[in-house]
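Before any comments, here is the structure.
4 protein chains.
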Amino acid sequence: MSPKGAQPDFVETVVNVRYAETDQMGIAYYANYLVWFEVGRVAWCKAKGFHYADMEARDKHYLIVVEASCRYKSPAHFEEDIVVRTSLARANDRVIRYRYEIRRKSDNHLLATGETAHVVTDINHKPSRLPDRYRAYFSLPPRV
Amino acid sequence: MSPKGAQPDFVETVVNVRYAETDQMGIAYYANYLVWFEVGRVAWCKAKGFHYADMEARDKHYLIVVEASCRYKSPAHFEEDIVVRTSLARANDRVIRYRYEIRRKSDNHLLATGETAHVVTDINHKPSRLPDRYRAYFSLPPRV
Amino acid sequence: MSPKGAQPDFVETVVNVRYAETDQMGIAYYANYLVWFEVGRVAWCKAKGFHYADMEARDKHYLIVVEASCRYKSPAHFEEDIVVRTSLARANDRVIRYRYEIRRKSDNHLLATGETAHVVTDINHKPSRLPDRYRAYFSLPPRV
Amino acid sequence: MSPKGAQPDFVETVVNVRYAETDQMGIAYYANYLVWFEVGRVAWCKAKGFHYADMEARDKHYLIVVEASCRYKSPAHFEEDIVVRTSLARANDRVIRYRYEIRRKSDNHLLATGETAHVVTDINHKPSRLPDRYRAYFSLPPRV
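Chains as they are written, first to last, in our numbering: chain A, -5 to 138; chain B, -5 to 138; chain C, -5 to 138; chain D, -5 to 138.
Next comes the structure, spelled out in structure tokens:
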């Protein structure tokens, strides 16, 4: 993000692949990567200083997924520790974009990359704006 | 249930086993049977003449699971059609009990049996009573 | 498929949204769309005349997902019937690409679109070629 | 542990409830408790000194679930840390039984209890006996 091409600000969290997440190919089923991205987002929020649960329960605002994509490079296996790395790709007070990497913990091997986009909505799922108290978490300047 | 050992009143619905539901043992993962029981309950409600979705959305009452059990006799495999058979085991206006059988469609082979128990709650998840308009569906006499 | 820009050849299958597939937002959780795409692929294979299960069990070849993406237009709800429409986007004997639409059955409203890409592998998950007997299903000419 | 009927030997592991695991009731969906029991079993094996993954991959033996039950006392919510407590209830070299408790981490409140039973099978899913090298982990005496 810095002018010198520094690494984006990834937040890391570790997930252990569950038996439930494998399929008969003997590897983690592809839809689970989107679940792991969500685990990554929750960890990202916590690392930034808030709980996504509060945005819903207290502030009655939601981040609804509008796009998701994943490129699968190498399979994940039962009982492997994987690192879910989450960074904010872009944000304004209406649309939030995240980027993800999933790596095998033992050797840092890249297993997958992905992106999601989310629109901010109110409790009725209508497009809205990020509540002011969350702006700083998403690196948005205070509103004047 | 009748003195002559008549069959309980099973409602049947067919589910095709999904790849997502298999695990690395090459068979359907055990937690999915509880999902299929839920598919069976939804089919049971429809067969009785109502939608469970309406009980929640319109009548603000919920059937919260308090017990679930399953005995696995024989595995289910990807792409197999299975028949989920659901019957009301017992009901009063506070607690509902269902029984289930899961059979392979091709040869009627029994794959699993199970039970669930549900308490009726209001929208705040507090114990409540079945709304009157649903009593008949559960073979309960009208309230006087 | 026709030279005049005709509709691609979509195979349709209906899925009823399960309670298990909803989340606390009251709508179907986003990862489930990838499960529904898989249900669509299985239906597509069947409509073309083969079972994907056989490609694995008998021919020891696998279609491993390497890319998946989904654009979510409108949410899906519990008990709604949705139509999963699957078409072959592009295929050679090493890589298969599918396209999907998910529509609400009641009014044909578009809920989501998506794509997946799959590489053909052998039983050891090494890149391979589509077994000859499957070429016609994917509109590939016989090998000489 | 003690001769005087002390507490069974529970192994504990912490799980954070995922958004994917909630349903439209706003609580964790009931089938996920069986997934958490599996997470508990994997933690139990690790605590005893082996990996369940190795029993499958190296020793070609499987623990297939034949019974599962759960009593739900109090709901689990998104982002809550829950403690899965797993103990061996009974074991011989053909059948293994586990017991579970799920507690909210913040206040130790009991959310659910459960049991599972597993039969030991070979790679073809035929009943077999626990490989000798695993006997001690299940508190079974060496075979003579």
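The beta carbon of each residue, even a glycine, is placed where N, CA and C say it ideally should be. These figures come from a predicted structure and were not determined experimentally.
From this set, the options, which residue's C-alpha is nearest residue i's C-alpha?
i	options	result
Ser100 of chain C	C:His112, C:Asn10, C:Val5, C:Phe4	C:Asn10
Tyr60 of chain C	C:Pro125, C:Tyr128, C:Lys120	Looking at the sequence provided, one finds Val at residue 60 of chain C rather than Tyr. Ranking the options by Cα distance to Val60 of chain C, first place goes to C:Lys120.
His45 of chain C	B:Arg12, B:Asp17, B:Lys40, B:Tyr92	B:Arg12
Ala47 of chain A	A:Pro135, A:Ser133, A:Tyr128	A:Tyr128
Arg84 of chain B	B:Ser122, B:Thr107, B:Leu134, B:Asp126	B:Leu134
Leu28 of chain B	B:Cys39, B:Thr80, B:Ala51, B:Val5	B:Thr80
Trp38 of chain C	C:Cys64, C:Leu82, C:Lys54, C:Tyr24	C:Leu82
Ala32 of chain B	B:Arg93, B:Thr115, B:Leu105, B:Val114	For clarity, residue 32 of chain B is Glu in the given sequence; the question names Ala instead. Of the listed residues, the one whose Cα sits closest to Glu32 of chain B is B:Arg93.
Ile90 of chain C	C:His112, C:Ala70, C:Thr107, C:Pro69	C:His112
Ser68 of chain B	D:Tyr24, D:Ile58, D:Ser68, D:Tyr23	D:Ile58
Ala70 of chain B	B:Ala130, B:Arg123, B:Thr7, B:Met19	B:Met19
Ala22 of chain B	A:Asn26, A:Ala25, A:Thr16	A:Thr16
Just list the residues that DSSP pairs residue i with in beta bridges.
i	result
Asp75 of chain A	A:Asn10
Ile117 of chain B	DSSP lists no partner for Ile117 of chain B.
Pro50 of chain B	At residue 50 of chain B the sequence reads Glu, which differs from the Pro that was named. Beta-bridge pairing links Glu50 of chain B to no other residue.
Val59 of chain A	A:His112
Arg98 of chain A	A:Ile76
Gln5 of chain B	Checking the sequence shown, residue 5 of chain B turns out to be Val, not Gln. DSSP, once it has assigned bridges, lists B:Thr80 as partnering Val5 of chain B.
Arg91 of chain B	B:Arg84, B:Ala111
Arg65 of chain C	A:Glu61, C:Thr107
In whole angstroms, what separates the C-alpha of residue i from that of residue j?
i	j	result
Met(-5) of chain D	Ala14 of chain B	Residue placement at Met(-5) of chain D is poorly supported in this model, since its pLDDT is 40, which falls under 50; the coordinates still yield a value, given next. Distance between the alpha carbons of Met(-5) of chain D and Ala14 of chain B is about 40 Å.
Ala62 of chain B	Tyr56 of chain D	24 Å
Tyr66 of chain D	Trp30 of chain B	18 Å
Asn118 of chain A	His103 of chain D	33 Å
Pro125 of chain B	Asp87 of chain B	8 Å
Val5 of chain A	Leu105 of chain A	17 Å
Asp3 of chain C	Val36 of chain C	15 Å
Lys54 of chain A	Val114 of chain A	11 Å
Tyr131 of chain C	Glu50 of chain C	16 Å
Val8 of chain B	Gly34 of chain B	9 Å
Arg52 of chain A	Gly43 of chain A	15 Å
Asp116 of chain B	Cys64 of chain B	27 Å
Tyr24 of chain D	Ser122 of chain D	31 Å
Thr144 of chain A	Arg137 of chain D	No information on residue 144 of chain A is available, as it lies outside the stretch -5 to 138 that chain A covers here.
Val78 of chain A	Lys40 of chain C	36 Å
Asn26 of chain C	Gly108 of chain A	16 Å
By the criterion of Cβ-Cβ separation under 9 Å, what are the contact partners of residue i in chain E?
i	result
Phe72 of chain D	Included in the structure are the protein chains A, B, C and D, with no chain E among them.
(request) Tell me the start and end of each unbroken alpha helix (DSSP H) in the region 12 to 36 of chain C that is at least 4 residues and wholly inside, in chain order. (result) You should have found no qualifying run.
(request) Count the CB pairs spanning the region 85 to 99 of chain D and the region 66 to 77 of chain D that are closer than 8 Å, and state whether there are at least three. (result) Result yes; three or more Cβ-Cβ pairs closer than 8 Å.
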